[in-house]
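Working notes for the structure below.
Numbering (our numbering), first residue to last: 7 to 764.
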């Protein structure tokens, strides 16, 4: 019962944080919604219902599922008997929800998962915490989902949305191998307005956006900074047709100059349909190059085209092989939304030779989508999807898998039947395909092909034991292969999986003020997690099977993962706005391998993974993350960084980074804004392993009204001198120096660039 009271209290606090309503006006009537729950209790005087267990609400433009909820309503509840299972209709005003939340509906995304949420369906407002959303962006068959996690998502009105502390990745795990982080994304959709220069009554819709600078991470290592973006779809970033111009010098291409031109493309009604960019390059050590890029978007489709031709009489530095003099690429990707929830993807990618992409598009080569030619079909309805894929390899030098074709069916968390206060859920992932793996001819390996049918089935039974959520699960997998890796005989592979997950949340609050951390209240949140997974009775080893994808790597494995996260929270006033912040965040995770010889090279203990963040104030942040190997008895990874916002115009940071047998270096960065228009940025490092100064860079930046002018001087450990001049539209930059946690700080992305040996 104390949990219900706490839920109600938190709901009232969240209510207070929303914009105040006119109390003199009559309270608006709630939206009609269907309602179901295992347990409920109504307070007629207070006008709210407390519901527990499989709570479901459906209204005209959306629906909500959760474990528990406080529902403010006009309904009297006379039609229900207290403490019984409730099913019927309510007039819902506001909802506070907790636990396994699934919110469906909205213009931006179709559905959101969250741990806690406050929803105002009457005014179309919402506040969600610990949000997770899986988007299908340039992926097929769900193999490369874009997973978006945000600490907080706010719908302030029908057309104004804001998300805080975002992470984008293709991994479903909480700690992905790579990710893109940004601290804020805001979107405002303006009402249709008169189009400038258009006929009377001719309107155009404008979308305003703000995206803070982003950072691409590999593990906890920042690899690539991405600039801030702010603007709207009605304005162009450039001046006329000019999009950018500059001069550069590098050891790879020598001196070079570039000029980019392009404009927006309007449709017949004057709305922006797309944009084109003509990229012109002259590399003095290679030759001339030119390419045309196109991006477009309609109401139910979108796509992009990337082309480039390079006349190249130089030598590649990454793939050191002879290459043709005429090189280039043609890549087209298109997605179409059809009626009946059907999605159709088309992709075509042709590359001239194996060295072109890593030499000229290195970032895309390392972390971008595979260069594929395919046709993909998908029809998704609620929690099930039917997919079909046909693909072919046209770049003969790539190691790729062709599907001719692949048919799949996915079912997610389908309730089978109820068991007391819980329900049994069924998940299915079925696939039938004819796959052909075509190897790079230089590898001298024979191609592999087989007909394969895979049926992966799992059942789960989540339930609560006091405050602890337990989710035991078990599964059975059957796979048929028409042939093996070294034989033409067919195989029938079977295997089982079983395990259990346990999670809970413990918290306590104190009324304290002041001190070193400027406390305004203190809350300690502990999030323990335990997961045991065993894959057993696999009848055929992966070594006997052709290897096309993860299905073929299914093998016996047993792990016990233990994790606990500690968060100390208080309230700080940042930019005159009261915000709840984690001034201490300690996350510890460790994996135990019962079958050490089979699964972990003879060691029962996996790596100890620790992430620590300390923020003594809004201007100072200390980060530590490391992985300790019990098998090697050393730190495989150890990173620490101290960042200080000395003033609104000066940011300083120093850090240390160590990777076993790869890197052992310190680094430093400073950004000093001399005036509103002039800034100086310096970064550098020293590698103890080599005993050399690494990658010193000094950049002068001049902010114009429409353009940013930059001059950069650089030198690396090989005494290779670099000099570049760039002129770029100002809309790609955010000149402000702001205090944020360093893990979301764009300047942190450039620390240690060039220090890692490749």
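Even glycine gets a Cβ: it sits at the ideal position worked out from N, Cα and C. As the structure is a computational prediction, the values presented were derived from the model and not from experiment.
- If you look at residue 595, you'll find it isn't in any alpha helix (DSSP H); it sits in the beta strand (DSSP E) that goes 583–598.
- In the DSSP assignment, the residues bridged to residue 342 are 307 and 350.
- With contacts defined by Cβ atoms closer than 9 angstroms, residue 38 and residue 97 form a contacting pair.
- DSSP places residue 684 in the uninterrupted beta strand (DSSP E) bounded by 684–693.
- If only uninterrupted beta strand (DSSP E) runs of at least 3 residues are considered, those enclosed by the stretch 261–341 are 278–289, 293–303 and 307–317.
- Here the alpha carbon of residue 220 sits roughly 10 angstroms from the alpha carbon of residue 173.
- Per DSSP, the continuous beta strand (DSSP E) segment holding residue 384 begins and ends at 379–387.
- Taking a cut-off of 8 angstroms on C-beta distances, the stretch 160–167 touches the stretch 131–140, as three or more cross pairs fall below it.
- The beta carbons of residue 629 and residue 607 sit no closer together than 9 angstroms.
- A straight-line Cα-Cα distance of about 11 angstroms links residue 554 and residue 491.
- CA-to-CA, the gap between residue 482 and residue 467 works out to about 15 angstroms.
- Excluding residues up to 5 positions away in sequence, 420, 422 and 465 lie with their Cβ nearer than 6 angstroms to the Cβ of residue 432 in the same chain.
- For residue 387, the CB contacts under 6 angstroms within the same chain, skipping 5 residues up- and downstream, are 347 in chain order.
- For residue 679, the enclosing beta strand (DSSP E) covers residues 669–679.
- Leaving aside the five residues that flank residue 461 on each side, the residues in its chain whose CB is nearer than 6 angstroms to its CB run, in chain order, 436 and 484.
- Here residue 60 is buried: its Cβ has 16 or more other Cβ atoms, across all protein chains shown, within 10 Å.
- Close CB contacts of residue 336 within its chain, under the 6 angstroms cut and outside five residues either way in sequence, are with 313 and 356 (chain order).
- Residue 99 sits in a strand when the DSSP states are folded into three classes.
- Cβ contact annotation for residue 507 (same chain, cutoff 6 angstroms, sequence separation greater than five): 477 and 537, in chain order.
- A residue is called buried when at least 16 other Cβ atoms come within 10 angstroms of its Cβ; residue 601 does not meet this threshold and is exposed.
- Sequence-distant Cβ neighbours of residue 641 in its own chain, meaning closer than 6 angstroms and more than five residues away, are 632 and 634.
- The C-alpha of residue 343 is placed about 53 angstroms away from the C-alpha of residue 695.
- Within the same chain, 417 and 463 come within 6 angstroms of residue 434 by CB-CB distance, once the 5 residues on both sides are set aside.
- Inter-residue distance for residue 686 and residue 656 is about 10 angstroms (C-alpha atoms, whole angstroms).
- In the structure shown, residue 75 falls within a strand segment according to DSSP collapsed to helix, strand and coil.
- Taking the CA atoms as reference points, residue 590 sits about 8 angstroms from residue 618.
- According to DSSP, residue 153 shares a beta bridge with 140 and 175.
- In this structure, the straight-line span from the alpha carbon of residue 137 to that of residue 170 is close to 10 angstroms.
- For residue 415, the closest alpha carbon among the candidates 392, 274 and 327 is that of 392.
- For residue 557, the three-state secondary structure derived from DSSP is helix.
- When DSSP states are grouped into helix, strand and coil, residue 625 belongs to the coil group.
- Its chain contains 706, 707, 708 and 709 as the residues whose beta carbon lies nearer than 8 angstroms to that of residue 684, once the 5 sequence neighbours on both sides are disregarded; these appear in chain order.
- Put simply, the stretch 516–523 does not touch the stretch 485–504. Fewer than three CB pairs are less than 8 angstroms apart.
- Shown here, residue 517 sits in a strand according to DSSP, grouped into three states.
- Checking the DSSP bridge columns, you'll see residue 485 partnered with 460 and 499.
- Counting of Cβ neighbours within 10 angstroms places residue 67 among the exposed residues, the total staying below 16.
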